[in-house]
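Q:
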Amino acid sequence: MFKGRSDHQLEDDSQQDNKVSKLKSVLGQLSGHSLVFCSDASLRRYLDARSWNVENAKQMIEETLKWRSTYKPHEIPWHEVAHEGETGKVSRASFHDRQGRTVLIMRPGLQNTTSAEGNIRHLVYLLENAIINLPKGQEQMSWLIDFTGWSMANNAPMKTTRDIIYILQNHYPERLGMSFLYNPPRLFQAGYKAVKYFLDPRTAQKVNFVYPKDKASDELMRSHFDMENLPKEFGGEATLEYDHEEFSRQMFEDDLKTAKFWGLEEKQYPIPNGFSPADVVPEPATSIASVAS
1 MFKGRSDHQL EDDSQQDNKV SKLKSVLGQL SGHSLVFCSD ASLRRYLDAR SWNVENAKQM
61 IEETLKWRST YKPHEIPWHE VAHEGETGKV SRASFHDRQG RTVLIMRPGL QNTTSAEGNI
121 RHLVYLLENA IINLPKGQEQ MSWLIDFTGW SMANNAPMKT TRDIIYILQN HYPERLGMSF
181 LYNPPRLFQA GYKAVKYFLD PRTAQKVNFV YPKDKASDEL MRSHFDMENL PKEFGGEATL
241 EYDHEEFSRQ MFEDDLKTAK FWGLEEKQYP IPNGFSPADV VPEPATSIAS VAS
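If you read the sequence shown in our numbering, its first letter stands for residue 1, the second for the next number, and so on.
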């Protein structure tokens with residue numbers, strides 16, 4: 001049997017629904033991309049990020065809409081960022097965590113370029129890709145970060161780190177469910193103290209340092225992941241193999257799914273060799289109409 005919710009919880013839900021309706025009203029009439037983006041679930045995330053203050057959430061979401069209208073993260077095609085991903089430094093996992101969240105695997109030790117903008121654009125592409133692949137009812141993703149091979153030589157400059165944090169916190173609020181930093185070296189842990197200064201306290205609480213042969217870390221990973229799916233690099237049983245050609249094929253498929261979701265079917269995306277458009281057009285998990293409702 002499921003436990004019933006208290007009257008206080010129901011009242012909170014009703015109040016939150018009212019705040020969502022009020023935020024819709026103050027945002028005014030929306031169309032196109034803005035209408036699709038401002039789903040009820042999205043408005044809830046922005047309200048949650050601003051402690052359910054409607055005016056503050058309105059300002060935040062308007063800044064995001066302005067950023068999305070110029071940066072156009074949903075229109076970045078894989079072929080423009082594929083070179084950044086040749087080593088598999090950031091990729092979407094083939095599995096989800098126990099909460100059904102999309103998982104991004106990050107391996108900073110495999111950094112292969114020095115372009116700050118290129119690295120940011122590549123990450124933003126994969127954030128959008130992770131979101132488009134979320135199961136219905138799930139709004140967050142998990143990050144697995146493997147520090148094998150990491151050193152200060154391939155560490156991102158502080159400015160790049162700050163720019164990434166700004167984008168994540170201001171334009172992807174409440175998208176991160178949990179992050180797991182596996183076996184980070186002491187040098188990184190010292191540097192993290194400086195990075196933590198720029199993190200929202202709620203975001204900082206989602207950052208978990210985990211270590212091999214550590215009981216608490218092992219229990220934490222088992223509580224969030226199926227060990228058969230989790231790569232050995234993170235204490236699991238699976239083999240982590242990154243095939244750039246295969247991953248690119250998946251991203252080309254997802255580019256078409258993303259275009260269809262946002263109503264951009266007229267945009268032409270290169271198709272990988274050996275595939276026709278009919279082969280790689282999957283149905284989106286959620287229709288535009290349901291997102292906009």
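Glycine residues also receive a C-beta, built at the ideal position from the N, C-alpha and C atoms.
Out of Gly236, Arg175, Glu228, which has the shortest C-alpha to C-alpha gap to Arg45?
A: In the sequence shown, the residue the question calls residue 45 occupies position 45. Comparing Cα-Cα distances from Arg45 to each of Gly236, Arg175, Glu228, the minimum goes to Arg175.
Q: Closest to Ser69 by CA distance: which of His96, Leu123, Phe37, Asp97 is it?
A: Sequence index remark: in the sequence shown, residue 69 carries index 69 (1-based). Answer by Cα proximity: Phe37.
Q: Grab the span of the alpha helix (DSSP H) containing Asp48 for me, first residue to last.
A: Within the sequence shown, numbered from 1, the residue matching residue 48 stands at position 48. Here the alpha helix (DSSP H) through Asp48 covers 40-49.
Q: Can you tell me the Cα-Cα spacing of Glu228 and Ala238, whole angstroms?
A: Residue mapping note: residue 228 aligns to position 228 of the sequence shown, counting from 1. Residue mapping note: residue 238 aligns to position 238 of the sequence shown, counting from 1. Going by the C-alpha atoms only, they are around 6 Å apart.
Q: Would you mind listing the alpha helix (DSSP H) stretches within the segment 137-206 that are 4+ residues and don't spill past its ends, in chain order?
A: 158-171, 186-196, 201-204
Q: With distances taken between CB atoms, is the gap from Leu110 to Phe234 smaller than 9 Å?
A: Position 110 of the sequence shown, counting from 1, holds the residue named residue 110. Position 234 of the sequence shown, counting from 1, holds the residue named residue 234. Result no, Cβ atoms of Leu110 and Phe234 do not sit closer than 9 Å.
Q: Check for me: the alpha helix (DSSP H) holding Met251 runs from which residue to which?
A: Within the sequence shown, numbered from 1, the residue matching residue 251 stands at position 251. 244-261 is the extent of the alpha helix (DSSP H) around Met251.
Q: Take Gly236 as the anchor and find which of Tyr242, His171, Asp40, Arg222 has the nearest alpha-carbon.
A: In the sequence shown, residue 236 corresponds to position 236, counting from 1. For the residues Tyr242, His171, Asp40, Arg222, the minimum Cα distance to Gly236 belongs to Arg222.
Q: Less than 9 Å separating the beta-carbons of Val90 and Leu104?
A: Here residue 90 corresponds to residue number 90 of the sequence shown, with the count starting at 1. Here residue 104 corresponds to residue number 104 of the sequence shown, with the count starting at 1. In this structure, Leu104 lies closer than 9 Å to Val90 by Cβ.
Q: Alpha carbons only, please: which of Gln205, Val26, Asp97, Arg249 is nearest the one belonging to Met141?
A: Looking up residue 141 in the sequence shown gives position 141. Closest by alpha carbon: Asp97.
Q: Assuming Trp52 and Lys19 make a contact with CB atoms under 8 Å, what is their CB distance in whole Å?
A: Start at 1 with the first residue of the sequence shown, and residue 52 comes out as number 52. Start at 1 with the first residue of the sequence shown, and residue 19 comes out as number 19. Right, the Cβ-Cβ distance comes to about 5 Å (below 8 Å), so this counts as a contact.
Q: Is it true that the CB of Phe252 sits closer than 9 Å to the CB of Gly313?
A: The question about residue 313 has no answer, for the chain in this structure spans 1 to 293.
Q: Looking at the secondary structure, which residues open and close the alpha helix (DSSP H) in which Ile120 lies?
A: Position 120 of the sequence shown holds residue 120. Unbroken alpha helix (DSSP H) run through Ile120: 116-132.
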